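Order-wise, the sequence lines are chains A and B.
Using my numbering, the letters of the first sequence map in sequence onto residues 39 to 263.
Using my numbering, the letters of the second sequence map in sequence onto residues -1 to 465.
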Amino acid sequence: MRVLVVEDYEPVRSAVVQALTEEGYAVDSADNGRDGLWHAKSGEYDAIVLDILLPHVNGIEILQSLRSNNNHVPVLLLTALDEVDQRIRGLDEGADDYLVKPFAIAELMARVRALVRRRFGDGTSIIEVGELRIDTSARLVHHKDKPIELTAREYGLLELLARRRGKVVTREEVWKSLYDFGAESSSNVVDVYIGYLRKKLDPPEGPSMIQTRRGMGYVLTGRID
Amino acid sequence: MIHSLRFRLVLIVGATACLLMALVGLAVSFIFELSLRSEFDSSLIERARSLSHLVEHEKHGITFEWLEGVGLTTPIVEERESLAIWNRGELLEVFPATASPIQPSQKPGENAFNLNLNSKRARAVAFPFTPRLVFESEPEAAHVTRPVLTIMFARTTRELDAAITTLRWTILIVGTFGWGATLAVMWFAIGIGLRPVQHATRQIASIVPGTLSERIEQVDRQPNELRPLLSTINDLLTRLEQAFVRERSFSSDVAHELRTPLAGLRAQLDLSLSRERSTQEYKKTIGQCLSITEQTGEIVESLLETTRESMAASPPEHVDLHSLLNVLFIERQQNMQSRKLQFKHRDCKDVSILIQQRPLLVILRNLVDNAVCYADLDSTIEVSAESSDNNCVVVISNQARTFLANDIDKVFNRFWRADSSRHETGRHCGLGLSLCRRLAGQMGGSIQASIVDQSFRIELKLPCQSN
Chain A
39 MRVLVVEDYE PVRSAVVQAL TEEGYAVDSA DNGRDGLWHA KSGEYDAIVL
89 DILLPHVNGI EILQSLRSNN NHVPVLLLTA LDEVDQRIRG LDEGADDYLV
139 KPFAIAELMA RVRALVRRRF GDGTSIIEVG ELRIDTSARL VHHKDKPIEL
189 TAREYGLLEL LARRRGKVVT REEVWKSLYD FGAESSSNVV DVYIGYLRKK
239 LDPPEGPSMI QTRRGMGYVL TGRID
Chain B
-1 MIHSLRFRLV LIVGATACLL MALVGLAVSF IFELSLRSEF DSSLIERARS
49 LSHLVEHEKH GITFEWLEGV GLTTPIVEER ESLAIWNRGE LLEVFPATAS
99 PIQPSQKPGE NAFNLNLNSK RARAVAFPFT PRLVFESEPE AAHVTRPVLT
149 IMFARTTREL DAAITTLRWT ILIVGTFGWG ATLAVMWFAI GIGLRPVQHA
199 TRQIASIVPG TLSERIEQVD RQPNELRPLL STINDLLTRL EQAFVRERSF
249 SSDVAHELRT PLAGLRAQLD LSLSRERSTQ EYKKTIGQCL SITEQTGEIV
299 ESLLETTRES MAASPPEHVD LHSLLNVLFI ERQQNMQSRK LQFKHRDCKD
349 VSILIQQRPL LVILRNLVDN AVCYADLDST IEVSAESSDN NCVVVISNQA
399 RTFLANDIDK VFNRFWRADS SRHETGRHCG LGLSLCRRLA GQMGGSIQAS
449 IVDQSFRIEL KLPCQSN
């Protein structure tokens, strides 16, 4: 899962970025509207956390630009502007959620999860793939009712595959969900993390839940062939 | 009750009416009394005169007609009357016979006078007269010496006094009832007259902080006496509304500016407590929180300082713009040195003007702060100041190569910042230029920003008197 944070106040930005990273998201950030707009237009994000009062280009202008280009990435406006008409304007311009500062990090994370869930058309925070059960709110994974310990990146990757269950997730998408914009691309990393997941999810012997579609990517299925 | 305008008006009008009615009553009473007494005296004189005609001088002496004929059976004077006829100290006749005769020495003449008649108040007349001659032949009468008698006639004033007392009581009772009725009518009349005041009071009472834009309606249709007061109240409401808007705007600015650092604090602390961290990480969080609180304190201080100074009314003072700008730049010498900035005056002549110093100081301080904070590193800030008869113009320009020309329209927006990080701006919260524009507008001037040769140029124009 990949999230963009556009916030000019460094303490808020760094805390949000770190919290999202610790939740397993790949996070990009920008400290002004111009850079934020560039990131939003050039990257594929599962959610954007956007401040309104930003230098150069404000959050509402970024939102208008995205929506006018048919970019329907879920956007959460995170702002100090708390008046009702400001909230209405933000939501009417195409924001999916609105959170007023100061806020609880846990609430922000819950709202981002909800945005991501809606983006993939999931109604609840529980994703079930065969005997694999993922609680996205508690970030817990069970296989045959046994808990599976995953790192943040492994969890992020598994959630991406689970949300796209039955469909091919390309290597590039896997890479983007693991690392932020500045990281150098390495094809090995994708294989390494897929390998880690397989080790933790699959039985010692037998076929894997994560199937490789050669030349295309990976598919998570409930069946173990 | 005493604080009621209606009561006061009724009291004043009532007191005035009471005084007037008392004066009128006294006058009426006096005139009527005078008239009654005059009438009484006239009848007294008339009666005495007619009695004197009944005294005759006959051959054998003075005779009284009332002692003859009908007079013997009918009393010539009533009980309340008394009659005495004197001839040079000799009492010729007295009625009633039991009464002590009225002495002739008492004020003879045509005018009535007071006296006691059998211990009762009475009025009397006394005048000399010559009895009618009744002789059988004229030659006889021609040789008679005619005596001059004095008739004294008195009548008690009991009935007159009773009539006057009745008159006085009537005037008093009618006056009192009339005064009461006047008070009642005045109470209602003043109540009707005060209706516009009550209407205006209701309108004013309905204006609360949320409806400060409302005004007292149709002032022109109000009574003349109320118009100036209502117009003044409307003006006061306008000033109050403006003050409320300023206060609300300031509160909103402060709330907004505090929300962001509070969000930073909370986010940092939330994140820190979300899982076990190393000592190093906790130290980093604590350091960051400390830095946020210091920055927040500076922002609050800056906002309060700016608002206090800008809101305080001040009379025009003599200001030397050149010296003032020098002082402001010298105060920021440390920041300028750290950013390797120079400043120079384009024109070094003295510009002395008469102007409100406090708002001017707030504006210039913000403009200089802005220039020192946002000028490119290792550059020069240029300042010029000049004045004409009615205006002064201050221009401050600083190099700003990275400033986007598109942003020039936004620089006066509240919370707009030129930099991409609040850390770089320190206590700047994006309100300075917005405040400058507001203050310049309040002073009747203007402020404009432009980009000229990659320099950010601010031109401040204010009305003033050249010194």
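Where a beta carbon is used, it is the ideal one built from N, C-alpha and C, also for glycine.
Note that the structure is predicted; figures quoted are calculated from it, not measured.
- Chain B places no beta carbon closer than 9 Å to that of A/F158, leaving this residue out of the contacts.
- Secondary structure at B/S27: helix, using DSSP grouped into helix, strand and coil.
- In the structure shown, A/H180 adopts extended strand secondary structure according to DSSP, grouped into three states.
- For B/K118, the three-state secondary structure derived from DSSP is strand.
- Under the three-state reduction of DSSP, A/M147 is assigned to helix.
- Within chain B, the residues L402, D405 have their CB atoms less than 7 Å from the CB of A/H94, given in chain order.
- Identification of residues in the stretch 243 to 267 of chain B having a C-beta nearer than 7 Å to some C-beta of chain A yields H254, R257, T258, L260, A261, G262, R264, A265, Q266, given in sequence order.
- Distance between B/Q355 and B/L319, taken at the CA atoms: about 10 Å.
- In this model, B/A82 and B/F38 are separated by some 19 Å (Cα to Cα).
- Non-local beta-carbon contacts of B/I353 in its own chain, meaning distances under 6 Å to residues more than five positions away in sequence, involve P314, V317, C462 in chain order.
- Counting C-beta pairs closer than 8 Å gives fewer than three between the stretch 149 to 163 of chain B and the stretch 235 to 249 of chain A, which falls short of the contact rule.
- Taking a contact as a CB-CB distance under 8 Å, the pair A/E45 and A/R51 counts as one, their CB atoms being some 4 Å apart.
- At a Cβ-Cβ threshold of 9 Å, B/L437 and B/I394 do not count as neighbours.
- Taking a 10 Å sphere around the C-beta of B/R363, we find 16 or more other C-beta atoms and assign the residue as buried.
- For the pair B/C287 and A/E121, the Cα-to-Cα distance works out to about 27 Å.
- In the three-state reduction of the DSSP assignment, B/P226 falls in the helix class.
- Between A/L42 and A/G81, the beta carbon gap of about 7 Å places them in contact (Cβ cut-off 8 Å).
- Against chain A, a Cβ distance below 7 Å from B/L269 picks out A53, Q56, A57, I143.
- Neighbours of B/I353 in chain A, taken as residues at a C-beta separation under 8 Å, are lacking, since the least C-beta distance is about 34 Å.
- Here the alpha carbons of A/H94 and B/A403 stand approximately 10 Å from one another.
- Just measuring C-alpha positions, the residue of B/E274, B/S432, B/A398 sitting nearest B/F410 is B/S432.
- With its beta carbon less than 9 Å from one in chain B, A/P49 belongs to the interface.
- Residues L81, F93 of the same chain have their beta carbon placed closer than 6 Å to that of B/V75, with the five preceding and five following residues left out of the count.
- For a cut-off of 8 Å, the C-beta gap from B/S211 to B/E239 is around 6 Å, short enough to register as a contact.
- Out of A/K205, A/M247, A/R201, A/L196, the CA that lies nearest to the CA of A/V228 is found in A/L196.
- Within 8 Å of the CB of B/S272, the CB atoms of chain A belong to A57, E60, I143, A144, in sequence order along the chain.
- Excluding sequence positions up to five before and after B/P259, its CB lies within less than 6 Å of the CB of I290, T294, all in the same chain and listed in chain order.
- Under the DSSP assignment, B/P357 falls in the alpha helix (DSSP H) whose first and last residues are 355 to 372.
- The secondary-structure analysis by DSSP pairs B/S453 across a beta bridge with B/Q397, B/V450.
- In the structure shown, B/H343 adopts extended strand secondary structure according to DSSP, grouped into three states.
- At a cut-off of 9 Å, the C-beta of A/L178 has no neighbouring C-beta in chain B.
- Boundaries of the beta strand (DSSP E) around A/Y136: 135 to 138.
- For B/Q286, the nearest beta carbon of chain A is closer than 9 Å to its own beta carbon.
- Taking a C-beta cut-off of 9 Å against chain B, the contacting residues of the stretch 115 to 139 of chain A are L116, T117, A118, L119, D120, E121, V138, K139, listed in chain order.
- Distances from the alpha-carbon of B/L181 to those of B/I449, B/A203, B/L9, B/S204 put B/L9 closest.
- With a beta-carbon spacing of about 28 Å, B/I188 and B/V26 fall beyond the 8 Å limit used to define contacts.
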